[in-house]
Each structure stands twice: as C-alpha cells, then as structure tokens.
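In the UniProt record's numbering, the protein residues as written are 1 to 140. Okay, so here's the structure we're looking at.
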C-alpha cells in the first residue's frame with residue numbers, strides 16, 4: 001500500500017464499514033512500519049490489509065475486499081497470502097478480531113482454522129451502543 005492508494009482504500013472503507021478507518025489511520029499504520037498491502041489483479045484493485053508483527057506473532061489489524069470483488073475467493077486467497085508473509089517474517093501464530101455480526105468473515109476465519117480464544121466486551125463502536133470483538137488465533 002502506498003499513499004496514492006489511500007483515496008481508493010478510504011472509499012472502500014466508507015462503503016464497507018459503518019465505522020471505517022480514516023486515511024490517517026492507514027497513514028499512521030504505514031508510518032509505524034506495519035505491513036500494508038493492496039491486493040490487485042492486473043490494474044484492478046481487489047482489497048487491502050494491514051498486519052502488525054510482534055516477535056513471533058502476526059496481528060491482522062484490518063482486511064477487506066472491495067464490494068464488487070467479494071464472493072470470488074479473494075478474501076481467502078489474501079488471508080492465505082498474509083499467513084505466508086507472516087511466516088517468512090518469523091511468525092508462528094496469527095491473531096485477529098472480528099465483530100460477531102460479521103458472519104461472512106467469521107465463517108471464513110473458522111474455515112481457515114482460526115479458533116476463538118477470547119472476547120473483548122464492548123470493543124467496537126456500534127449503531128446502538130458497543131459491539132463485542134471475538135478474538136481469534138491460528139497457528140502458522
């Protein structure tokens with residue numbers, strides 16, 4: 001991911017998420033050295049992700065597939081690619097958090113061998129208060 005991608009990434013965020021990351025959030029992640037990628041096929045941008053690495057852990061901070069590219073296996077392929085990148089950098093496990101209401105993502109993570117290891121009460125902002133985060137982990 002580069003700064004010139006941020007207009008597209010931000011537009012996707014607003015379309016996909018009720019409480020989107022801002023361009024500033026992505027810039028801060030890139031400045032902090034977090035892995036930040038845009039998935040593409042030719043000239044078509046399909047998705048984006050940010051991953052933090054700490055010691056032998058990888059933390060997927062965000063991963064999204066553009067609405068028009070969803071339902072074609074891109075999320076699964078991108079997440080598998082992130083796992084490979086994390087392994088190359090010495091990670092032995094990967095963590096992420098997901099809203100219980102994001103049933104499609106939750107099903108994908110479970111299908112890709114993520115296990116629930118915890119729950120953060122009231123972690124995410126919601127339309128009617130706060131929503132929990134399901135904390136998940138996968139061995140790499």
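Don't be surprised by glycine CBs; every beta carbon is placed ideally from N, CA and C. Bear in mind the structure is a predicted one, so any value in this text is a computation, not a measurement.
Alpha helix (DSSP H) segment containing residue 76, residue limits | 74-88
Along the chain, which unbroken stretches of the beta strand (DSSP E) at least 3 residues long are found entirely within the UniProt domain "N-acetyltransferase" (1-140)?
-> 35-41, 44-54, 57-65, 93-98, 115-126, 129-139
Same chain, Cβ closer than 8 Å to residue 65, neighbours up to 5 away in sequence not counted = 39, 46, 47, 74, 75, 78
Since I believe residue 91 is in contact with residue 139 (beta carbons under 8 Å), could you give me their beta-carbon distance rounded to a whole number of angstroms?
-> Rounded, the Cβ-Cβ distance is 10 Å, inconsistent with contact.
Going by alpha carbons, who is nearest to residue 49 out of 118, 101, 29?
-> 29
Backbone CA spacing between residue 54 and residue 127 [nearest angstrom] = 32 Å
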